[in-house]
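In the numbering used here, the protein residues as written are 84 to 474.
Structure representation (structure tokens):
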């Protein structure tokens with residue numbers, strides 16, 4: 084068993100696609116056709132609407148096979164067609180290309196460009212009320228970084244710049260919805276210093292500084308939502324003989340807004356992630372993180388989000404993989420109406436590998452949210468079945 088590799092990522096020689104070789108690159112196409120039933124497509128508290136959703140999910144992965152340096156690209160697509168509610172149809176796709184330049188034995192530079200076409204969750208408080216269609220938005224960005232190791236010290240710097248562009252829309256009563264005042268650019272600079280206390284144990288400190296600039300100085304409510312902030316944390320990362328790997332950290336975060344009417348957010352932050360290879364057939368993963376997130380809701384400046392997740396993967400047979408997962412998210416909006424949200428989610432899934440090229444997948448998920456505001460709670464049940472092809 085490979086060190087730190089869980090059941091879901093493990094290579095199975097008899098059921099892993101061989102890919103298509105093109106010179107020094109390996110190409111791995113994948114296509115999945117999924118049928119889903121969801122009992123609350125609008126995430127409503129009252130009079131939920133259900134529908135059958137047909138998913139077409141082609142994808143492509145291209146990776147170099149070089150001794151030094153690396154280059155790879157990924158395309159993931161999810162075309163969603165609703166049987167009875169055509170206004171909910173979506174074309175979701177993600178694209179990224181990234182590379183690594185090996186400068187010295189213990190030094191390398193990285194770069195990544197990414198683009199995504201997404202749709203805002205109907206449950207998002209930021210999503211305009213009574214919109215005829217889900218809000219579509221684009222994410223365009225890039226990341227450059229450099230890492231260098233000297234004896235037991237490891238240094239890493241990253242610069243991430245992304246731009247969010249939201250499309251305008253209309254309400255069900257044909258009124259215009261302006262989303263241009265939500266467009267923004269986010270620039271985040273991060274520095275990391277790690278010290279290897281002993282083999283497989285690394286203490287680290289990490290600091291980041293961000294600047295969020297909205298394309299328009301004032302939004303439709305006359306607020307200046309641009310801001311700047313920072314986060315500093317200290318923690319430890321471990322790899323205990325490949326059977327238990329993870330990290331834990333704690334620190335402080337702060338975000339200050341241009342508009343004096345928007346409350347400055349400052350709070351303790353932290354997180355923890357562990358992956359336990361309990362046996363050769365079972366992997367248990369847990370993750371908890373706390374962070375400040377952006378919002379454009381009323382007089383709320385942002386919200387503190389504490390998210391936790393537990394996942395268990397089990398290899399029932401060499402070609403049958405099972406998963407059970409659950410999680411809890413608490414969102415605490417700062418300023419405004421003082422909105423608070425408790426969201427729970429759980430799911431079960433199974434993947435049956437027919438051979439190295441074809442697979443079946445099925446699953447069930449449940450999500451529920453409760454808030455301290457009226458008419459904002461909901462329950463969602465979803466079941467799906469899919470057939471996939473991978474080369």
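Backbone N, C-alpha and C fix where the C-beta goes; we use that ideal spot for every residue, glycine too.
Computed from a predicted model, the values in this text were never measured in an experiment.
Rounded to a whole number of angstroms, what is the C-alpha to C-alpha distance between residue i and residue j?
i           : j           : result
residue 97  : residue 440 : 10 angstroms
residue 290 : residue 361 : 33 angstroms
residue 199 : residue 176 : 6 angstroms
residue 385 : residue 167 : 36 angstroms
residue 88  : residue 110 : 22 angstroms
residue 155 : residue 105 : 13 angstroms
residue 189 : residue 233 : 8 angstroms
residue 223 : residue 215 : 25 angstroms
residue 357 : residue 211 : 37 angstroms
residue 126 : residue 203 : 12 angstroms
residue 141 : residue 235 : 43 angstroms
residue 194 : residue 225 : 7 angstroms
residue 169 : residue 135 : 11 angstroms
residue 308 : residue 133 : 36 angstroms
residue 103 : residue 363 : 30 angstroms
residue 311 : residue 473 : 44 angstroms
residue 427 : residue 355 : 19 angstroms
residue 57  : residue 399 : This structure cannot speak to residue 57, because the chain is shown only from 84 to 474.
residue 85  : residue 332 : Because the pLDDT at residue 85 is just 48, under 50, the model does not fix this residue reliably, and the value given afterwards should be weighed accordingly. Whole-angstrom Cα-Cα distance: 26 angstroms.
residue 253 : residue 465 : 28 angstroms
residue 131 : residue 192 : 50 angstroms
residue 230 : residue 454 : 43 angstroms
residue 217 : residue 261 : 14 angstroms
residue 325 : residue 93  : 13 angstroms
residue 412 : residue 371 : 10 angstroms
Considering only C-alpha positions, which residue in the set the options is nearest to residue i?
i           : options               : result
residue 445 : 105, 107, 120 and 349 : 120
residue 403 : 434, 376 and 420      : 434
residue 295 : 406, 193, 270 and 149 : 270
residue 456 : 160, 330, 425 and 357 : 425
residue 318 : 303, 288, 345 and 338 : 288
residue 408 : 374, 437, 379 and 450 : 450
residue 437 : 401, 430, 458 and 465 : 401
residue 265 : 399, 320, 411 and 380 : 380
residue 369 : 213, 396 and 388      : 396
residue 303 : 259, 394 and 273      : 259
residue 460 : 157, 206, 149 and 278 : 206
residue 327 : 339, 365, 337 and 305 : 365
residue 345 : 329, 299 and 419      : 419
residue 256 : 321, 213 and 392      : 213
residue 393 : 406, 268 and 191      : 406
residue 243 : 292, 218 and 340      : 292
residue 157 : 208, 391 and 145      : 145
residue 221 : 208, 251, 238 and 149 : 251
Could you tell me if residue i is buried or exposed, where buried requires 16 or more neighbouring beta carbons within 10 angstroms of its beta carbon?
i           : result
residue 316 : buried
residue 280 : exposed
residue 463 : buried
residue 101 : exposed
residue 301 : exposed
residue 422 : buried
residue 187 : exposed
residue 34  : Residue 34 cannot be examined here, being either before or after the span of the chain that is shown, 84 to 474.
residue 336 : buried
residue 183 : buried
residue 151 : exposed
residue 447 : exposed
residue 458 : exposed
residue 282 : exposed
residue 378 : buried
residue 442 : buried
residue 171 : buried
With DSSP as the reference, please indicate the residues paired to residue i in a beta bridge.
i           : result
residue 297 : 267
residue 198 : 178 and 223
residue 452 : 426 and 461
residue 475 : Any property of residue 475 remains undetermined from this structure, which presents the chain solely from 84 to 474.
residue 314 : 291 and 336
residue 117 : 138 and 469
residue 274 : 240 and 290
residue 412 : 390 and 426
Given the structure, does residue i come close to the ligand MG, in the sense that its CB is under 6 angstroms from one of the ligand's heavy atoms?
i           : result
residue 319 : In terms of ligand content, the structure shown is empty, and the ligand MG therefore cannot be addressed.
Counting along the chain, where does the beta strand (DSSP E) carrying residue i start and finish?
i           : result
residue 360 : Element bounds for residue 360: n/a, residue is neither H nor E.
residue 166 : Where residue 166 is concerned, there is no enclosing beta strand (DSSP E), given that its DSSP letter is neither H nor E.
residue 334 : 327-340
residue 303 : Taken as a continuous stretch (DSSP letters only), residue 303 belongs to no beta strand (DSSP E), as it is neither H nor E.
residue 393 : 383-400
residue 247 : 236-249
residue 140 : 134-147
residue 172 : Note, residue 172: premise wrong, no beta strand (DSSP E); not H, not E.
residue 474 : Unbroken run through residue 474: none, as it is neither H nor E.
residue 375 : 365-377
residue 104 : 103-105
Within 7 angstroms (strictly less), CB to CB, does residue i reach chain E?
i           : result
residue 372 : In the structure shown, chain E does not exist; there is a single protein chain.
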